[in-house]
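Here's the structure we're looking at; comments come further down.
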Amino acid sequence: MVFLIAAVVLVGILCLFDLVLTFAVLRRLREHTAELERLAGPARFGPYDPGALVGRTLPPVGADGGEWPRLVAFFDVSCDACHEHAPRFADAARTGTAMAVISGPGEKAGDLIGMIGGTARVATAEQADRLVKAVGVEAFPTFLRVDPDGTIVGADTELDALAGTARAR
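Numbering (the numbering used here), first residue to last: 8 to 176.
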C-alpha cells in the first residue's frame with residue numbers, strides 16, 4: 008500500500024510539473040507572437056504614380072551602353088494584367104524600337120516572351136531585376152516612352168495612355 012501511495016503522489020507531482028511547463032510555454036508563445044506582430048506592423052500599400060518616373064534619365068542599358076528603345080514595358084510573370092497587355096504591347100512594338108523587361112523566374116517568363124514574339128528586345132532574370140530597381144518601377148505592368156537621350160517622357164500602367172505621349176513628340 009505504501010508503494011501505491013508513493014506512486015500516486017509521484018504521478019501527481021509529475022502532472023503538476025508538466026502543467027507548469029505547459030503554461031510557461033504558452034505564455035512565451037504569446038509574447039513571441041505579440042513581438043512578431045509588433046515588428047511586422049500593418050501592411051500598407053501607397054498609391055503608385057508612374058508619372059513620377061517622368062523626367063528621370065535611365066541608366067545605360069546593357070554592358071555596351073546601348074541606346075534605350077523608345078517604348079519600354081515592365082512585366083512580371085505573376086501579373087495577370089501583364090499577360091493581358093502583352094499582345095497590345097507586341098502590336099505597339101512593331102511600329103518602332105521597343106524593349107520588354109520581364110521579371111520573375113526565367114522558366115515562367117516563356118509565356119510572356121511568346122506573346123511578345125520577336126517584336127521587342129527582351130530582358131529577363133537578373134538583368135530584368137536590375138533594370139526594375141534602377142528605373143524605380145513599383146507596379147506591373149508599367150510602360151515608358153523614352154527619348155533618344157534616355158529620359159523618360161511618358162509613363163503609365165496602361166499602354167493606351169501613352170499613345171498621346173507618342174503623338175505629342
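Where is the CB? At the ideal position from N, CA and C, for every residue including glycine.
For clarity, every value in this text was computed on a predicted model and none was experimentally measured.
query: Return helix, strand or coil for residue 102, following the three-state DSSP convention.; result: coil
query: Taking the continuous beta strand (DSSP E) assigned at residue 80, which residues delimit it?; result: 78-83
query: Name, in chain order, the residues that DSSP records as bridge partners for residue 143.; result: Answer is none; residue 143 lacks a bridge partner.
query: So what does DSSP say about residue 45, is it helix, strand or coil?; result: helix
query: Judging by CA-CA distance, which residue of 8, 27, 160 and 156 is the nearest neighbour of residue 59?; result: 160
query: Any heavy atom of the ligand NAP within a distance shorter than 8 Å of the CB on residue 122?; result: The ligand NAP is not among the ligands present in this structure, which contains no ligands whatsoever.
query: Look up residue 29 in the DSSP assignment and say whether it is helix, strand or coil.; result: helix
query: If you draw a straight line from the C-alpha of residue 27 to the C-alpha of residue 141, how long is it?; result: 55 Å
query: Under 7 Å Cβ to Cβ from residue 174, same chain only, skipping five residues before and after it: list those, please.; result: Model confidence at residue 174 stands at a pLDDT of 41, short of 50, so the residue's coordinates are unreliable and nothing is read from them.
query: Is it the case that the region 28-47 contacts the region 115-130, given that we only count it when at least three CB pairs across the two stretches are under 8 Å?; result: no
query: Going by the CB atoms, is the gap between residue 82 and residue 93 shorter than 9 Å?; result: yes
query: Going along the chain, which residues of its own chain have a beta-carbon closer than 6 Å to the beta-carbon of residue 104, five neighbours each way excluded?; result: 76 and 77
query: Mind checking which residues open and close the alpha helix (DSSP H) that includes residue 65?; result: Unbroken run through residue 65: none, as it is neither H nor E.
query: Going by C-alpha to C-alpha distance, which of 109, 114, 98 and 134 sits closest to residue 66?; result: 134
query: Using CA coordinates, which residue listed in 98, 128, 84 and 97 is at the minimum distance from residue 114?; result: 84
query: Let me know if residue 87 comes out buried or exposed under the rule of 16 or more other beta-carbons within 10 Å of its beta-carbon.; result: exposed
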